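Take a look at the structure set out below.
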Amino acid sequence: MAKSKAFTVDLDVLEEGNTTGATARLVIGGEEFVASGTARRNPQDPDMPKIGDELAVARALLLLARELGQKVDEGIAAYEGHEVHVSI
Numbered sequence: 002m003a004k005s006k007a008f009t010v011d012l013d014v015l016e017e018g019n020t021t022g023a024t025a026r027l028v029i030g031g032e033e034f035v036a037s038g039t040a041r042r043n044p045q046d047p048d049m050p051k052i053g054d055e056l057a058v059a060r061a062l063l064l065l066a067r068e069l070g071q072k073v074d075e076g077i078a079a080y081e082g083h084e085v086h087v088s089i
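Structure, rendered in structure tokens:
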């Protein structure tokens with residue numbers, strides 16, 4: 002029988018001057034994973050906040066995925082008894 006699970010990633014975005022920062026938070030099985038990403042606008046570029054938001058969020062999510070992948074590596078390695086690297 003299929004078992005459905007739902008997870009929510011909380012994203013906080015803060016724009017300050019030419020810098021936008023994003024923090025991604027995910028809780029799985031009581032363990033919290035947190036990753037941050039930053040986007041910096043060249044002062045000579047036009048002010049397009051949506052692009053800064055998207056880039057900062059994308060970077061935070063990418064780092065969150067890498068952190069989760071490392072956790073998977075550790076879990077499998079503990080079971081298998083040798084170092085493991087999954088592809089994500």
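Quick note on my numbering: the sequence shown kicks off at 2 and runs consecutively.
Each residue gets a CB set at the ideal place from its N, CA and C atoms; glycine is no exception.
All figures in this text were calculated on a predicted structure; none of them were measured in a lab.
Unbroken alpha helix (DSSP H) run spanning residue i, endpoints
i, result
"residue 61", "50 to 81"
Neighbourhood of residue i by C-beta distance below 7 Å, restricted to the same chain and skipping five residues each side
i, result
"residue 18", "none"
Residues near residue i in its chain [Cβ-Cβ closer than 6 Å; skip 5 each side]
i, result
"residue 26", "11 and 35"
"residue 40", "21, 53, 56 and 57"
"residue 68", "34 and 36"
Distance, residue j Cα to residue i Cα
i, j, result
"residue 81", "residue 70", "16 Å"
"residue 51", "residue 86", "35 Å"
"residue 43", "residue 22", "15 Å"
"residue 4", "residue 32", "20 Å"
"residue 46", "residue 7", "39 Å"
Nearest-angstrom beta carbon gap, residue j and residue i [assumed within contact, 8 Å]
i, j, result
"residue 53", "residue 16", "7 Å"
"residue 58", "residue 38", "7 Å"
"residue 89", "residue 61", "The pair is not a contact, with the Cβ atoms about 16 Å apart (cut-off 8 Å)."
Extent of the continuous beta strand (DSSP E) run through residue i
i, result
"residue 3", "Element bounds for residue 3: n/a, residue is neither H nor E."
"residue 9", "Premise fails: residue 9 is in no beta strand (DSSP E) and is neither H nor E."
"residue 28", "20 to 29"
"residue 37", "32 to 41"
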